[in-house]
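Residue numbers (the working numbering): 1019 to 1460.
Shown next, in the form of structure tokens:
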């Protein structure tokens, strides 16, 4: 049996294993070893690959970005960042019909700049903003949808773990990828905000008491009151400016920015007296657990990519797709369809690890920017967080809320936001400059 056939069998087996519920890292590493052993006929070759891949990956400087950004998000969260942001933006949007929903979107967008994980945002804002919306008479499905939809900003606005995974697989500069997510993230934030206001205007019953012009009769606030509302957010703004500004300005590498951000988040927590010794120890433990899982995925993905490359399947697939002479955008649309289907079955990281090793060489051959393709892949794959039956954001909210919400209500409330994400995807595809302009200035 030739190496192409063996690699093809390994790819099919991987899909079967992952869909059946086996952790994708285990499937990737196991099938990579078996595939290399089968192709080379020598177990020592496969064993050497495991050792060299693991060593090279863990010695890679850029891998340090993962624990730093994870710890920064955890420390910022226990410092009360989400509550401070929501309170501040609620003051700004209080006179807008549907203002609590818009405030949730804005707060999620800023919170995303210090977390990088959508599931974390969903769990946090389920406790912070959802009770406020329900207290003011918001329709429950609508309120659940606002929280779920805006939570996906956590993976698009940097620092994003998905961009780190994409960077490792594509070998693109992670700093440029992180910065590339800023403008598309702001575009999606704007679409969500306008979409909420349009929905509320067309169906005032979505916000019930507030929709009946209750919010519009509130008195305006003085400059001092606005300042007081935002005074608790100075630390969060400083963290964002230091980390993202440092990367964009070339002052820090992504790893250095993560380290500075994590230290800044710790200082912020100590100043606010929110971080205790036991709390800090819990953050360290959680950081270790999350980082270990991500590292295992990334190392397994590199083993899988090497197996595919050595088999010749990557080169063969690229040449085959190019030989079909499809329009380049048609190929991208086919990739999007594959991602949307997989998004109903498996998680975001698994989709990237399964598909990108085969897709990226094709994208290179077609002449597309890998930065732009990275942004497109992240936003489309993130749609899977809101689609049944897998929907990780939905299940994170259900876990946080317990019996207070039904799974079907969260899914139904999320549908309008899926359509808004689709609109944002079309805009990003039509205007690649939204993804490439900021990185080009670095």
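For glycine and all other residues, C-beta sits at the position ideal for the given N, C-alpha and C.
Keep in mind that this is a model prediction, so the values were computed, not measured.
TODO: Leaving aside the five residues before and after residue 1232 along the sequence, list all residues of the same chain whose C-beta is less than 6 Å from its C-beta, in chain order.
DONE: What you label residue 1232 is simply residue 214 of the chain shown in a count that begins at 1. Residue placement at residue 1232 is poorly supported in this model, since its pLDDT is 41, which falls under 50; the coordinates still yield a value, given next. Around residue 1232: no qualifying Cβ.
By Cβ distance, which residues of its chain are closer than 7 Å to residue 1265, with the 5 residues on each side in sequence left out?
As a working note, residue 1265 is residue 247 in the chain shown. For residue 1265, where only same-chain residues beyond five positions count, the Cβ hits under 7 Å are 1193, 1196, 1197, 1272 and 1275.
Exercise. Could you say which of 1443, 1367 and 1422 lies nearest to residue 1410 if we only look at CA atoms?
Key: As a working mapping, residue 1410 is identified with position 392 in the chain shown. Answer by Cα proximity: 1367.
query = Can you tell me whether DSSP reads residue 1190 as helix, strand or coil?
reply = For this step, residue 1190 is matched to residue 172 along the chain shown. Here residue 1190 sits in coil by DSSP.
Assuming residue 1084 and residue 1309 are in contact, meaning their beta carbons sit under 8 Å apart, how far apart are those beta carbons, in whole angstroms? Working through the chain shown from its first residue, we reach residue 1084 at position 66. Working through the chain shown from its first residue, we reach residue 1309 at position 291. Residue 1084 to residue 1309, Cβ: 5 Å. Contact.
What three-state label does DSSP hand residue 1135 in the structure shown?
-> Residue mapping note: residue 1135 aligns to position 117 of the chain shown, counting from 1. Three-state result, residue 1135: coil.
- Query: Using a Cβ-Cβ cut-off of 6 Å (strictly less than) and excluding sequence neighbours within five positions of residue 1279, which residues of its own chain qualify?
  - Reply: For this step, residue 1279 is matched to residue 261 along the chain shown. So the qualifying residues of the chain are 1090, 1257 and 1261.
**Start-to-end residues for the alpha helix (DSSP H) that takes in residue 1166** = For this step, residue 1166 is matched to residue 148 along the chain shown. Counting along the chain, the alpha helix (DSSP H) containing residue 1166 begins and ends at 1158 to 1169.
Quiz item: What distance in whole Å lies between the Cβ atoms of residue 1024 and residue 1053, which are believed to be in contact at a cut-off of 8 Å?
Solution: Taking the chain shown and counting its residues from 1, the one referred to as residue 1053 is at position 35. Taking the chain shown and counting its residues from 1, the one referred to as residue 1024 is at position 6. Their Cβ separation, rounded to whole angstroms, is 6 Å, which keeps residue 1053 and residue 1024 in contact under 8 Å.
- Task: Would you mind sorting residue 1202 into buried or exposed? The rule is 16 or more other CB atoms within 10 Å of its CB.
- Result: Sequence index remark: in the chain shown, residue 1202 carries index 184 (1-based). Burial call: buried.
Take residue 1230 and list the residues in its own chain whose beta-carbon comes closer than 7 Å to its own, dropping the five residues that flank it on each side.
-> On the chain shown, residue 1230 is found 212 positions in, with the first residue counted as 1. Only weak support exists for where residue 1230 lies, its pLDDT of 44 falling under 50; the value from the coordinates is given anyway. These residues qualify, in order along the chain: 1222.
| request: Leaving aside the five residues before and after residue 1383 along the sequence, list all residues of the same chain whose C-beta is less than 6 Å from its C-beta, in chain order. | output: Sequence index remark: in the chain shown, residue 1383 carries index 365 (1-based). If we look at residue 1383 and ignore the five residues flanking it on each side, its Cβ neighbours are 1336 and 1340.
- [ ] Could you tell me which of 1245, 1399, 1350 and 1346 sits nearest to residue 1371, measuring between CA atoms?
- [x] Indexing the chain shown from 1 puts residue 1371 at position 353. Looking at the Cα atoms, 1399 is the closest of the given residues.
- Query: Between residue 1131 and the rest of its own chain, which residues show a CB-CB distance below 6 Å, the 5 nearest in sequence each way excluded?
  - Reply: Taking the first residue of the chain shown as position 1, residue 1131 is located at position 113. These residues qualify, in order along the chain: 1175 and 1258.
- Task: Return the CA-CA distance between residue 1345 and residue 1446, expressed in angstroms with no decimal places.
- Result: Within the chain shown, residue 1345 is the residue found at index 327, counting from 1. Within the chain shown, residue 1446 is the residue found at index 428, counting from 1. So the alpha carbons of these two residues sit roughly 18 Å apart.
If distances are taken between C-alpha atoms only, which option among 1390, 1087, 1252 and 1395 comes closest to residue 1373? Sequence index remark: in the chain shown, residue 1373 carries index 355 (1-based). If we check each option's Cα against that of residue 1373, 1395 comes out closest.
- Query: In three-state terms, what does DSSP make of residue 1199?
  - Reply: Within the chain shown, numbered from 1, the residue matching residue 1199 stands at position 181. Residue 1199: coil per DSSP, three-state reduction.
- Counted within 10 angstroms of its Cβ, other Cβ atoms place residue 1389 as buried (16 or more) or exposed: Looking up residue 1389 in the chain shown gives position 371. Buried, by the Cβ-count rule.
Any alpha helix (DSSP H) of 4 or more consecutive residues that is wholly inside the region 1307 to 1393
1331 to 1341, 1346 to 1361 and 1366 to 1384
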